[in-house]
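See below for the structure under consideration.
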Amino acid sequence: MTMEPSRDEILKALERVVDPELRKPVTELDMVRDVVVDGGDVSVTIALTVAGCPLRSSFEQQVEEALAPIAGVEQVELRFDVMSPEERAALRSRLRAGVTERTRGIAVDAATRVIAVASGKGGVGKSSLTANLAAAFSRLGRRAGVLDADVYGHSIPHLLGIRQRPVLVDRMIVPPVRHDLHLMSIGFFLDDNGPVMWRGPMLHRALEQFLSDVHWPQLDVLLVDMPPGTGDVSISLGQLLPRAEVAVVTTPQPLAREVAARAAEMARKTNMRLLGVIENMAGEVFGVGGGERLADELGVPLLGSVPLDPAVREWGDRGEPLVLAEPDAEAAGAIVEIAEAIDATARERGVGIVKSLPVL
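Sequential numbering from 474 applies to the sequence shown in the numbering used here.
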């Protein structure tokens, strides 16, 4: 006769089932509502944060895989329930308790490095570079998130292939996740391809909400895709996150370099640290060397130069970062090297870039 599996064995195995958005075990989140064992038949009920969760299939697959190795389990039935308002409030408090506020009211963990990717003008590939940099940090083993603050030209959801909307848990917004990247974008809250017609105060409030009401887990790095130029969002980010760091993106030609210098000066005036310059789309079409000249003018490092490669656009159209789709591509390698260069710098209050110097 086959021995009946114990309830404790089932609960222990369910510790390996992780909520795909909150990235924590369902047992830790108190989402396991009931476990019933009847001979070889096991029934598990999981309470979802909201009805109609788009990621049910992930739970089904994970529960099946977690319980399959247990001796005596012959058939598994997974049922779903929905958390009560009181349960959602308790979950929100539990998640918030694990975050040390960076500044008052800002729910980005104090240990998270916030890097704004900025440009002086549009069309330099800033958003594609941001998406690929986030994937590169993930490849390096860093927990990464992306805040799409390019309010009028929000494109990161498309570039990362994320189509599901965020989940609301008791006034806390849970960002969707793909490729282990947490993403928040104004694009999630618009109908179809509707335009954003907001003035400065509304832009500030939207950015503030993305930094205060969104559940950003304990990330190593949060990349912020900034709108091009020196407008309201740049000023607001400097006010809300005074210890943020900035990487300025430019293409090699002189005009792009000239306007990128304005974005760099804006970062300095809003109390953000200038990490360095990234030259994008280098090659025969736009030339080479402009990024290095800009870095020299600003007195900061050239973080790297990314060659012009149509594959960046092609994979972006499909919702896949080149860094993950074609990791051996020259452009992908250049982006990973830039992520490594940024990762190698140290962030300290009031200091800027700190690197070990050779002893002479």
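By construction, the Cβ of each residue, glycine as well, lies at the ideal position given by its N, Cα and C atoms. The structure displayed is predicted, hence computed values, not measured ones.
Compute the beta-carbon to beta-carbon distance between residue i and residue j, rounded to the nearest angstrom, for a pair I have assumed lies under 8 Å.
{"i": "A804", "j": "V785", "result": "6 Å"}
{"i": "L676", "j": "G618", "result": "Not quite, the Cβ-Cβ distance comes to about 20 Å (not below 8 Å), so this is no contact."}
{"i": "A729", "j": "L748", "result": "About 18 Å; that fails the 8 Å criterion."}
{"i": "G763", "j": "Q726", "result": "6 Å"}
{"i": "V536", "j": "V517", "result": "6 Å"}
{"i": "L695", "j": "P794", "result": "Contact flag wrong, Cβ pair sits at about 17 Å."}
{"i": "D582", "j": "V597", "result": "In fact, because the Cβ distance is near 30 Å, the residues do not count as touching under 8 Å."}
{"i": "L433", "j": "I811", "result": "Since the first residue of the chain shown is 474 and the last is 833, residue 433 is not available in this structure."}
{"i": "L771", "j": "A737", "result": "5 Å"}
{"i": "E681", "j": "L713", "result": "6 Å"}
Going by beta carbon distance, what residues of the same chain come within less than 6 Å of residue i, once the five residues before and after it are set aside?
{"i": "L568", "result": "H688"}
{"i": "M556", "result": "A520 and T522"}
{"i": "P493", "result": "L528 and S531"}
{"i": "F759", "result": "T724, P725 and Q726"}
{"i": "M504", "result": "I519 and A520"}
{"i": "V491", "result": "P498"}
{"i": "R489", "result": "A539"}
{"i": "G792", "result": "G634"}
{"i": "L484", "result": "none"}
{"i": "G595", "result": "P701"}
If we count the other Cβ atoms within 10 Å of its Cβ and call it buried at 16 or more, is residue i buried or exposed?
{"i": "E757", "result": "exposed"}
{"i": "G593", "result": "buried"}
{"i": "T724", "result": "buried"}
{"i": "L495", "result": "buried"}
{"i": "E718", "result": "buried"}
{"i": "G789", "result": "buried"}
{"i": "M645", "result": "buried"}
{"i": "R746", "result": "buried"}
{"i": "M739", "result": "buried"}
{"i": "E787", "result": "exposed"}
{"i": "E560", "result": "buried"}
If you reduce the DSSP assignment to three classes, tell me which class residue i lands in.
{"i": "E559", "result": "helix"}
{"i": "H688", "result": "coil"}
{"i": "Q548", "result": "strand"}
{"i": "S600", "result": "helix"}
{"i": "D705", "result": "helix"}
{"i": "L564", "result": "helix"}
{"i": "I579", "result": "strand"}
{"i": "V758", "result": "coil"}
{"i": "R822", "result": "The predicted model places R822 with a pLDDT of 40, which falls under 50 and marks its position as unreliable, so this point remains unresolved."}
{"i": "V619", "result": "strand"}
{"i": "L676", "result": "helix"}
{"i": "L521", "result": "strand"}
{"i": "K594", "result": "coil"}
{"i": "G806", "result": "helix"}
{"i": "E731", "result": "helix"}
{"i": "S628", "result": "coil"}
{"i": "P783", "result": "helix"}
{"i": "S884", "result": "Because residue 884 is not part of the residues shown, which for the chain are 474 to 833, the question remains open."}
{"i": "D769", "result": "helix"}
{"i": "M739", "result": "helix"}
{"i": "R636", "result": "coil"}
{"i": "V536", "result": "helix"}
{"i": "G614", "result": "coil"}
{"i": "I543", "result": "coil"}
{"i": "E681", "result": "helix"}
{"i": "G792", "result": "coil"}
{"i": "D801", "result": "coil"}
{"i": "L484", "result": "helix"}
{"i": "D503", "result": "coil"}
For residue i, which beta-bridge partners are listed by DSSP?
{"i": "A607", "result": "Looking at the DSSP assignment, A607 forms no beta bridge with any residue, so it has no partner."}
{"i": "P498", "result": "V491"}
{"i": "R651", "result": "L654"}
{"i": "L641", "result": "I646"}
{"i": "R586", "result": "V694"}
{"i": "G777", "result": "I751"}
{"i": "S516", "result": "V509 and E550"}
{"i": "E718", "result": "I588 and R746"}
{"i": "T723", "result": "E752"}
Enumerate in chain order the residues of its own chain whose CB-to-CB distance from residue i is below 7 Å, with the five nearest sequence positions on each side excluded.
{"i": "D623", "result": "S600, D698, M699 and P700"}
{"i": "S658", "result": "D621, H627, I629 and P630"}
{"i": "V546", "result": "P478, G513, V515 and L540"}
{"i": "S611", "result": "A617, H652, D653 and L654"}
{"i": "F683", "result": "L620 and M657"}
{"i": "A814", "result": "L776 and G777"}
{"i": "V640", "result": "E494, T522, V523 and V647"}
{"i": "R766", "result": "R730"}
Give every residue of the same chain whose Cβ lies closer than 8 Å to the Cβ of residue i, excluding the five residues on either side of it in the sequence, and list them in chain order.
{"i": "A802", "result": "D782, A784 and L795"}
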